[in-house]
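> Numbering (our numbering), first residue to last: 16 to 220.
By construction, the Cβ of each residue, glycine as well, lies at the ideal position given by its N, Cα and C atoms.
1. In chain order, what residues of the same chain have a beta carbon less than 8 Å from the beta carbon of residue 201, not counting five sequence neighbours either side?
2. Run through DSSP, which three-state label would residue 98 get?
3. From what residue to what residue does the alpha helix (DSSP H) around residue 186 run?
4. Counting beta carbon pairs with one atom in the region 53-60 and one in the region 23-42, are three or more of them shorter than 8 Å?
5. Can you have a look at residue 151 and say buried or exposed, based on whether 16 or more other CB atoms are within 10 angstroms of its CB?
6. Quick one: what's got a C-beta closer than 6 Å to residue 103's C-beta in the same chain, skipping five residues either side?
7. Report the three-state DSSP secondary structure of residue 85 (helix, strand or coil).
8. Give the straight-line distance between the Cα atoms of residue 165 and residue 148, rounded to the nearest whole angstrom.
9. Determine the closest residue to residue 36 out of 64, 71 and 57, with distance taken between C-alpha atoms.
10. According to DSSP, is residue 38 part of a helix, a strand, or is it coil?
11. Do residue 98 and residue 198 count as a contact pair if the criterion is CB distance below 8 Å?
12. Within 10 angstroms of the Cβ of residue 113, are there 16 or more other Cβ atoms? Answer buried if so, exposed if not.
13. Nearest CA to the CA of residue 135: which residue from 25, 39, 160 and 67?
14. If residue 79 and residue 143 are in contact, beta carbons under 8 Å, what's the gap, nearest whole angstrom?
15. For residue 195, I'd like the list of residues in its chain whose CB is within less than 8 Å of its CB, leaving aside the five on either flank, ordered along the chain.
16. Within 10 Å of its beta-carbon, does residue 61 have 16 or more other beta-carbons around it, so buried, or fewer, so exposed?
17. Using a Cβ-Cβ cutoff of less than 7 Å, which residues in the same chain neighbour residue 57 once the five nearest sequence positions on both sides are dropped?
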């Protein structure tokens, strides 16, 4: 098999780091291990990533972009543009073959471990989620539904990665259909100007 051609040394480092995380866990992700795996100099590593945390953040961003690109490709075939990317995200989570998702799921599971010990990474992921919620609301998906769907998908991916899902084919299909139904746009579901609340009887306004 011919050696892989990397478009950049940065991608080479990221690929090496992902392999280490998937095969050995996030605790094995030392700068020295990545340098050895990527077959790159120490100076070459620090040219692209100042710290290990910067490397982990880049892994999260690349994984997010990869999944977004897959969802957008599927969303382009949806006749209803509003909420199309959210519905594509749901479909991809349930429809992908196990072999296609094994590595991303293992990577996500390892990154969850890292997030628990790295507050900065947790804030970064929170920012990505907030951007996704805002996008969905702008496409007439109610904010409550957008949040519920994302949390349901997070739980589904985690349980699949841990091997604790134990859902039958029919149950997986039922969950998939329920989430897709929630991801349908509703006129006026997007957040508009705040409406004044009616005063409660016997209480303060």
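If we stick to the structure as given:
1. Numbered from its first residue, the chain shown carries residue 201 at position 186. 155, 156 and 157.
2. Reading the chain shown from its first residue, position 83 is the one you call residue 98. Residue 98: coil per DSSP, three-state reduction.
3. Counted from its first residue, the chain shown places residue 186 at position 171. Run containing residue 186: 184-197, per the alpha helix (DSSP H) assignment.
4. yes
5. Within the chain shown, the letter at position 136 stands for residue 151. With 16 or more other Cβ atoms within 10 Å, it is buried.
6. Within the chain shown, the letter at position 88 stands for residue 103. So the qualifying residues of the chain are 86, 89 and 90.
7. The residue given as residue 85 occupies position 70 in the chain shown. Three-state DSSP puts residue 85 in a helix.
8. The residue labelled residue 165 in the question sits at position 150 within the chain shown. The residue labelled residue 148 in the question sits at position 133 within the chain shown. The alpha-carbon atoms of residue 165 and residue 148 are separated by roughly 9 Å.
9. Numbered from 1 along the chain shown, position 21 holds the residue referred to as residue 36. Per the Cα distances, 71.
10. Here residue 38 refers to the residue found at position 23 when the chain shown is read from its first residue. In this structure, residue 38 counts as helix in the three-state DSSP scheme.
11. As a working mapping, residue 198 is identified with position 183 in the chain shown. As a working mapping, residue 98 is identified with position 83 in the chain shown. In this structure, residue 98 lies closer than 8 Å to residue 198 by Cβ.
12. By 1-based counting over the chain shown, the position of residue 113 is 98. Confidence at residue 113 is low in this model, with a pLDDT of 49, below 50, so the placement of that residue should be treated as unreliable; the coordinate-derived value is given next. By the C-beta density criterion, residue 113 is exposed, having fewer than 16 other C-beta atoms within 10 angstroms.
13. Position 120 of the chain shown, counted from the first residue, corresponds to residue 135. Ranking the options by Cα distance to residue 135, first place goes to 67.
14. Here residue 79 is taken as the residue at index 64 of the chain shown, counted from 1. Here residue 143 is taken as the residue at index 128 of the chain shown, counted from 1. Confirmed, about 6 Å.
15. The residue you call residue 195 lines up with position 180 of the chain shown. Cβ neighbours of residue 195 beyond the five flanking positions: 102, 105 and 106.
16. To locate residue 61, count along the chain shown from 1; it is residue 46. Its Cβ having fewer than 16 others within 10 Å, residue 61 is exposed.
17. Residue numbering aside, residue 57 sits at position 42 when the chain shown is read from its first letter. These residues qualify, in order along the chain: 50.
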